[in-house]
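Counting from 1 along the sequence shown, just add 309 to a position and that's the residue number in my numbering. We put the CB at the ideal spot given by N, CA and C, even for glycine. Here the structure is laid out as structure tokens; the discussion comes afterwards.
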Amino acid sequence: MAARPDPVPLLDAGFPQLKSRVIERTGHFYYQDKDDLLWERVRKRLRATGLSDSGAYLALLDDSISGPAEWGKLEAEITIGETFFFRYAEQFAALRETILPEIIARKAATRRLRIWSAGCSTGAEPYSLAILTNEILGESVGTWRVSILGTDINDSVLRTARQARFGKWALRSMPDEQRDRYFLNTGKEQWEVRREFRSLVRFERHNLLSLLDGTSPLELTDFDLILCRNVLIYFHPDTVTRIVGALRDRLDDDGWMLLGHAEPNPVFSTMMQALNLPGTVAYRRGAGTAPPPTPAPLQPRATLQEWKPLLPEPKPEAPNRRPALPRLTKAPQKASAFPVPQAAGDLLGDIKTRADAGDLAAAADLCQKALITEPLSAALHFYQGLVLRALGRPDAAEKSFLKSLYLDKNFAMAHYHLGLLLLAEGKSAPGRRSLTHAAQSVAAMADDCPLDEGDGVTAKELRELARIHLDAAAPSRRKA
């Protein structure tokens with residue numbers, strides 16, 4: 310007779326206080342109502358330390374000698390991250406074609422380049438940036454002071470990042486010839502980043518919440534470029550806005566920022582200038598209306614023109630799938646990174662351009678006018694909902710999302726944003742239903758299929774985002 314598995318121990322009396330401390334320290338709102346998952350990870354540390362309950366473990370965390378090291382081990386257990394080289398190829402194409410050339414041209418006098426990869430996990434992102442920067446600068450790289458900083462709250466992933474060794478999964482976006490060019494094969498299907506790229510990168514432990522309480526190191530400032538991707542989705546929405554504002558303040562006057570595709574947020578456009586680049590939106594601090602200067606002549610490597618991060622292949626149109634709407638913004642010419650005026654009849658493009666620029670009142674007015682002539686456009690109602698929510702009009706935004714879904718019941722992003730709105734308004738049950746509908750509407754799609762009006766979000770990412778919010782909003786099965 311097979312042995313019966315031991316029952317999972319119930320939460321002990323000290324767990325609510327421990328959970329509160331974990332969320333306060335890490336900002337991981339993700340665990341607000343995920344007691345089972347957090348308890349499972351806490352139990353690993355209880356077994357490792359030989360302690361019997363949450364109260365004893367909290368005392369260990371508070372110990373002035375042993376506490377800091379144990380916090381690091383607990384944070385390693387509860388942080389979640391998956392990364393690979395040149396993730397989000399559209400953003401790396403924007404870095405190669407527009408962002409880094411503009412920075413290099415502007416900083417030609419000082420020849421100093423400072424980049425911050427916030428939430429770098431095991432290091433694939435900062436090393437990708439090092440490879441790209443090295444390729445763009447070519448033979449002149451030695452005359453520049455290039456500093457690429459990778460930070461994370463997880464000491465374990467930082468140790469891995471410093472080793473600069475990766476397996477096939479992390480290198481899956483690279484063909485063999487690129488892999489052999491940038492890495493040394495160390496055997497057993499492991500590759501090590503070559504020294505010329507490693508020398509540009511350093512790693513430090515950093516908690517993004519320290520930006521909000523004044524404890525973040527003062528030297529984290531004057532960055533030309535900050536990337537904060539696949540991190541913000543785990544924080545409370547109010548905290549996200551404050552963190553993005555704090556990151557903006559750490560940029561140089563004309564510095565750039567790239568955020569993840571997860572949740573397009575019109576509020577960011579009121580904090581920085583939003584620039585529509587092919588396949589992504591980038592943000593700049595204090596940028597004027599003039600186009601960026603023409604990049605200064607460099608001495609690129611001979612193969613730079615052939616080198617590009619792999620871009621996803623166009624997806625064949627699925628049967629019975631709602632046809633994709635025209636792109637909301639036209640791809641700018643390479644000489645200018647700034648939005649260009651839309652054609653008079655491109656109302657959807659006008660709305661998106663105004664919203665991205667932070668002119669929400671004008672965007673709302675354009676939505677109203679456009680819907681007079683095109684009242685059956687699900688996309689117009691969807692963007693009207695996004696704009697109205699950003700303006701602080703949740704009831705009107707909810708009606709717009711519902712009209713969009715009446716016209717297209719499979720509009721995944723409308724289901725998703727309606728769900729977020731309802732949850733924010735305290736309407737838990739209908740909010741969770743909307744998020745469930747969002748996940749169900751993309752259940753049959755390929756993981757890497759980009760979603761209509763998703764600003765780069767793929768079917769897999771939407772399923773994961775819906776799961777995170779559903780878990781966070783789930784009614785607690787135990788009293789906290």
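Inset, instruction - Pick out the complete alpha helix (DSSP H) segments inside the segment 663-741, 4 residues or longer, and give them in chain order. - result: Taking only runs of at least 4 residues, the alpha helix (DSSP H) segments lying wholly in the segment 663-741 are 669-682, 687-699, 703-716, 721-733.
Legend entry - Whether R538 touches Y397 by CB criterion (8 Å): Result yes, Cβ atoms of R538 and Y397 sit closer than 8 Å.
Inset, instruction - Go to G564, then tell me how far its beta strand (DSSP E) extends in each direction, as first and last residue. - result: Segment 560-568, the beta strand (DSSP E) holding G564.
Legend entry - Beta-carbon gap between A747 and L771 smaller than 8 Å: In terms of Cβ geometry, A747 and L771 form a close pair [threshold 8 Å].
Legend entry - Sequence-distant residues of its chain with Cβ nearer than 6 Å to V751 (five each side left out): Correct list, in chain order: A721, A768, L771.
Legend entry - Separation of V553 from E528, as counted between CA atoms: Cα to Cα, the separation comes out at about 18 Å.
Inset, instruction - Please report how far the alpha carbon of G451 lies from the alpha carbon of I413, in whole angstroms. - result: Straight-line measurement puts the Cα of I413 at about 14 Å from the Cα of G451.
Legend entry - Exposure of G496, with buried meaning 16 or more beta-carbon neighbours within 10 Å: Around the beta carbon of G496, a 10 Å sphere encloses fewer than 16 other beta carbons of the protein chains shown; the residue is thus reported as exposed.
Legend entry - S743 - DSSP class collapsed to helix/strand/coil: DSSP places S743 in the helix class (H, G or I) of the three-state scheme.
Inset, instruction - Label K353 either buried or exposed according to how many other C-beta atoms from any shown protein chain fall within 10 Å of its C-beta, with 16 as the threshold for buried. - result: Exposed.
Inset, instruction - Could you tell me which residues DSSP pairs with A427 in its beta bridges? - result: In the DSSP assignment, A427 forms a beta bridge with T460.
Legend entry - Reference V331, options I374, L536, N516, closest by Cα: Shortest Cα-Cα distance from V331 to any of I374, L536, N516 involves N516.
Inset, instruction - Locate the alpha helix (DSSP H) running through V351, then write down its first and last residues. - result: Element bounds for V351: 344-358.
Inset, instruction - With DSSP collapsed to three states, give me the class of R468. - result: DSSP places R468 in helix when its eight states are reduced to three.
Inset, instruction - Let me know the secondary structure DSSP gives R420 once reduced to three states. - result: Looking at R420 - three-state DSSP - the assignment turns out to be coil, as it is neither helix nor strand.
Legend entry - C-alpha distance - F544 paired with G476, whole-angstrom precision: Looking at the two C-alpha atoms, the distance is approximately 30 Å.
Legend entry - For F577, the nearest candidate out of R507, A591, P587, T469 (CA to CA): Among R507, A591, P587, T469, the Cα nearest to that of F577 belongs to A591.
Legend entry - Three-way DSSP call (helix, strand, coil) for E513 in this model: DSSP, read as helix, strand or coil, puts E513 in strand.
Inset, instruction - Within the segment 472-537, note down every full beta strand (DSSP E) run reaching 3 residues or more, in order along the chain. - result: Scanning the segment 472-537 for uninterrupted beta strand (DSSP E) segments of 3 residues or longer gives 474-476, 492-496, 499-502, 510-514, 532-537, listed from N- to C-terminal end.
Legend entry - Residue range of the beta strand (DSSP E) that includes Y592: Here the beta strand (DSSP E) through Y592 covers 589-593.
Inset, instruction - Determine which residues share a DSSP beta bridge with N585 and list them. - result: The beta-bridge partner set that DSSP reports for N585 consists of V590.
Legend entry - Check whether H778 and L729 have beta carbons under 8 Å apart: Contact: yes.
Inset, instruction - Go ahead and label A378 buried or exposed: buried means 16 or more other beta carbons lie within 10 angstroms of its beta carbon, across all protein chains shown. - result: Taking all protein chains in view, the Cβ of A378 is surrounded by fewer than 16 other Cβ atoms within 10 Å, so the residue is classified as exposed.
Inset, instruction - Could you check the C-alpha separation between E399 and R741 for me, to the nearest Å? - result: Roughly 31 Å between the two C-alpha positions.
Legend entry - D464 and R507 closer than 8 Å at C-beta: For D464 and R507, no; Cβs fall outside 8 Å.
Legend entry - Residue from S361, C429, F324 with nearest C-alpha to D345: Cα-wise, what sits closest to D345 is F324.
Legend entry - A322 versus V351: straight-line alpha-carbon distance, rounded: For A322 and V351, the gap between their C-alpha atoms comes out near 14 Å.
Legend entry - Distance CB(A479)-CB(F394) smaller than 8 Å: It is a contact, given that the beta carbons lie within the stated cut-off.
Inset, instruction - From the DSSP output, read off the bridge partner residues of A759. - result: Going by the sequence as given, residue 759 is Pro instead of Ala. DSSP output for P759 lists T767 as bridge partner(s).
Inset, instruction - Would you kindly check if the distance between the Cβ of I440 and the Cβ of Y491 is under 8 Å? - result: Yes, the Cβ-Cβ distance between Y491 and I440 is below 8 Å.
Inset, instruction - Quick one: using the 10 Å Cβ neighbour count with 16 as the cut-off for buried, is P684 buried or exposed? - result: With fewer than 16 Cβ atoms within 10 Å of its Cβ, P684 is classed as exposed.
Legend entry - Cβ neighbour criterion (16 or more within 10 Å) applied to K678: Classification of K678: exposed, given that the 10 Å Cβ count is below 16.
Legend entry - Residues that DSSP places opposite R454 in a beta bridge: DSSP output for R454 lists R421 as bridge partner(s).
Legend entry - Beta-carbon proximity of L680 to E707, cut-off 8 Å: No Cβ-Cβ contact shorter than 8 Å links L680 with E707.
Legend entry - Element boundaries [alpha helix (DSSP H), containing Y366]: Unbroken alpha helix (DSSP H) run through Y366: 363-371.
Inset, instruction - Please classify D547: does DSSP put it in a helix, a strand, or coil? - result: D547 sits in a helix when the DSSP states are folded into three classes.
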